[in-house]
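Taken in sequence, the protein lines are chains A and B. Note that numbering that gives the first Met the number 0 has the first sequence beginning at 0, numbered continuously upward. Note that numbering that gives the first Met the number 0 has the second sequence beginning at 0, numbered continuously upward. Where a beta carbon is used, it is the ideal one built from N, C-alpha and C, also for glycine. Encoded as structure tokens, the structure appears first; notes follow it.
2 protein chains.
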Amino acid sequence: MSILVVGSVAFDTLKTPFGVREKIMGGAATYFSLSASFFTDVRVVGVVGEDYTAEHEAVLTGRGIDTRGIEHAPGKTFHWGGEYGENVNEAKTNFTDLNVFENFQPKIPDAYQDSKFLFLANIQPELQLDVRHKMPNVALVGGDTMNLWINIKRDALMATLKEVDILLINDTEAKLLTGENSLVLAARKILTYGPRSLVIKHGEYGATLFFGDGSHPFRAPALPIAEVQDPTGAGDTFAGGFMGYIASQPKLTRSVLKNAMFYGGVMGSFTVERFGPERLLTLTREEIEERFKLFVSLTHLD
Amino acid sequence: MSILVVGSVAFDTLKTPFGVREKIMGGAATYFSLSASFFTDVRVVGVVGEDYTAEHEAVLTGRGIDTRGIEHAPGKTFHWGGEYGENVNEAKTNFTDLNVFENFQPKIPDAYQDSKFLFLANIQPELQLDVRHKMPNVALVGGDTMNLWINIKRDALMATLKEVDILLINDTEAKLLTGENSLVLAARKILTYGPRSLVIKHGEYGATLFFGDGSHPFRAPALPIAEVQDPTGAGDTFAGGFMGYIASQPKLTRSVLKNAMFYGGVMGSFTVERFGPERLLTLTREEIEERFKLFVSLTHLD
């Protein structure tokens with residue numbers, strides 16, 4: 000079933016211990032949609048500038064992604080510059096040129112109204128809520144956010160969380176959002192804010208799924224990777240695999256959610272192997288299934 | 000089959016957000032032996048002072064632990080004072096009174112010579128090597144170390160590692176020991192230093208077992224715990240469960256090692272629920288098996 004993602008479509012200029020890349024494709028919606036496209040039909044709503052060419056868009060349509068919701072505005076595309084040192088878990092931002100993204104007002108094509116799933120990637124919480132209201136008939140809403148909104152737009156974020164079914168954030172965001180130092184206590188609090196399920200991502204240590212019914216959580220691994228060439232987009236790729244797998248299943252069960260956690264980790268593990276979304280462009284479903292089996296062998300007793 | 004542990008038998012004075020305890024039982028050999036005693040016969044070699052009473056020793060013998068190797072020396076027992084703030088992963092040392100531990104020369108009772116397994120808890124690497132040489136007939140040697148020895152006794156430590164079969168250390172120690180920032184690269188290096196297998200402990204995120212044959216690692220979870228009352232001894236308790244389970248099995252297979260990782264995590268999860276080794280004193284084998292099943296449900300797909 001189809002999934003709509005709303006978020007940033009951007010260019011990234013990146014430096015890691017493994018090299019430098021200038022103005023390559025990036026943005027949460029790019030990573031999410033490429034990742035989810037291995038599982039289900041994907042539609043994107045975002046905004047780009049005049050420097051976003053037909054060739055860039057063809058990278059998405061080449062994966063079967065519906066890009067009619069990508070608005071082309073006068074000006075330049077959102078451009079982020081950042082670098083990672085020896086600790087790949089911490090990005091240092093060199094510049095954030097919002098450009099056309101600064102005045103982004105999500106417009107949802109009529110043809111997208113029958114989307115069954117919605118993912119609100121990390122954008123201003125007011126815009127997330129606006130999109131949520133424009134898609135009243137979706138069966139399930141996933142969402143992300145970031146420290147910036149937790150710090151400066153808390154009220155708006157709390158209003159948005161009321162209408163998100165599954166929130167996907169990382170350790171730092173979960174602690175900041177709740178003021179709790181224990182991840183378990185943080186999770187318990189967040190599950191009173193609206194979401195019925197919560198995924199907390201631990202970077203190289205995997206992710207934990209907390210259920211709103213108070214039952215025991217579920218932990219999925221990350222692949223121990225020798226060389227993380229570029230961690231950019233790992234979280235959005237995780238979300239794409241997680242939500243994409245859910246959207247591909249006839250029913251949302253606990254078992255589906257657990258498998259989705261594994262697929263999220265699998266997809267994220269591919270992304271970090273190369274710069275930007277490069278690895279996702281050569282990836283095959285067979286490689287995904289192979290790595291899924293590897294993730295099982297990494298965690299399951301004989 | 001019996002396991003011999005050599006390490007510190009100590010008193011701890013602790014402060015955590017959950018309370019304060021003065022001069023309670025601690026030390027790596029205490030946690031290790033209590034934990035391992037749920038799986039196999041345990042013998043301890045260590046040294047204590049005159050303030051270590053028959054009642055203290057009875058806590059160990061009450062769990063069936065053979066304490067004939069605990070030497071009683073004139074003076075006071077090793078006493079560590081430390082505290083944990085909101086971040087329970089970081090201990091702040093208030094004092095380290097080595098006392099009789101400063102001149103510890105491990106003496107191994109003849110009756111211990113038939114031990115099949117040996118665990119070299121965190122003591123000076125020269126003493127670890129000395130003990131290793133005094134126990135030439137053990138089938139398997141496990142070991143631990145700490146940042147201090149990596150920094151000031153690297154050569155001695157490297158000599159000891161040559162004769163350790165399974166090393167159990169944490170993320171920080173693995174990185175410091177190798178100069179690698181990637182845990183996978185650190186693991187590969189350490190597996191050229193001597194150990195055939197390596198367990199890297201990630202605190203609240205679990206632990207990873209790396210195999211010397213280059214095959215894929217295995218990841219075991221930690222239990223997401225709402226309230227870690229006192230993290231002291233969690234790593235030594237893990238080691239006790241890990242080595243104790245191995246010692247209880249007829250053969251060392253890959254499957255046994257994986258299960259041992261789970262039992263290590265299970266035992267560690269109990270210790271942090273209460274101050275010091277308190278929780279281990281009321282624990283039952285049934286509770287251990289119950290939590291083992293919970294660990295499986297935390298990580299295994301349906």
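Reduced DSSP secondary structure (H/G/I, E/B, other) of residue i
i      : result
B/V122 : Before going on, a small fix: residue 122 of chain B reads as Ile here, not Val. Coil, per DSSP.
B/T309 : The structure shown does not extend to residue 309 of chain B, since chain B is modelled only from 0 through 301, so no value can be given for it.
B/L147 : helix
A/G193 : coil
B/H201 : coil
A/I107 : coil
A/R131 : helix
A/V271 : coil
A/N86  : coil
A/E288 : helix
B/R62  : coil
A/L160 : helix
B/I245 : helix
B/L208 : strand
A/A219 : strand
A/G358 : Residue 358 of chain A lies beyond the residue range present for chain A, which begins at 0 and ends at 301; the question has no answer from this structure.
A/S296 : helix
B/D229 : coil
A/K152 : coil
A/L282 : coil
A/F37  : coil
A/K250 : coil
B/S32  : helix
A/M260 : helix
Cβ neighbours of residue i in the same chain (closer than 6 Å, five flanking residues each side left out)
i      : result
A/S268 : L222
A/G80  : T12, N93 and F94
A/G141 : F118, I165 and M242
A/K22  : F10 and T12
B/G263 : F237, G240 and F241
B/F209 : A186, L197 and P216
A/R290 : V265
Paired residues, beta bridge with residue i - DSSP
i      : result
B/D11  : B/I23 and B/W79
A/G6   : DSSP, once it has assigned bridges, lists no residue as partnering A/G6.
B/G142 : B/L119 and B/L166
A/V44  : A/V5 and A/G68
Buried versus exposed call for residue i [16 or more other C-beta atoms within 10 Å across all chains shown]
i      : result
A/S214 : exposed
B/A57  : exposed
B/K174 : buried
A/H132 : exposed
A/N86  : exposed
A/D235 : buried
A/E54  : exposed
A/E172 : buried
B/I151 : exposed
B/N146 : exposed
B/K106 : exposed
A/H78  : buried
B/R42  : buried
Chain-order list of residues whose beta-carbon lies under 7 Å from that of residue i (same chain, five-residue window excluded)
i      : result
B/R218 : G205 and T207
A/Q127 : L119, G142 and T159
B/S247 : F38 and T39
B/S34  : T236, G239, G240, G243, M266 and L279
A/A259 : F241, Y244 and I245
A/K188 : T177 and E179
Test item: CB-CB of residue i and residue j under 9 Å
i      : j      : result
A/I122 : A/V5   : yes
B/F100 : B/A186 : no
A/D310 : A/G63  : Shown here, chain A extends from 0 to 301; a query on residue 310 of chain A therefore has no answer.
A/T76  : A/Y51  : yes
A/S114 : A/I2   : yes
A/G275 : A/M24  : yes
B/V198 : B/L167 : yes
A/Y30  : A/G178 : no
B/G211 : B/E162 : no
B/M134 : B/Q104 : no
Beta-carbon contacts of residue i that lie in its chain and below 8 Å, excluding the five residues immediately before and after
i      : result
B/R273 : Q228 and D229
B/R284 : F37
B/A155 : Q123, P124, E125, L128 and W148
A/N88  : G202, E203 and P230
Any non-hydrogen atom of the ligand NAP within 8 Å of residue i CB
i     : result
A/A53 : With respect to small molecules bound, the structure shown includes none, and the ligand NAP cannot be examined in it.
*Given a limit of 8 Å on CB to CB distance, which residues of the segment 148-181 of chain A reach chain D?*
Considering every chain present, this structure includes no chain D. Its protein chains are A and B.
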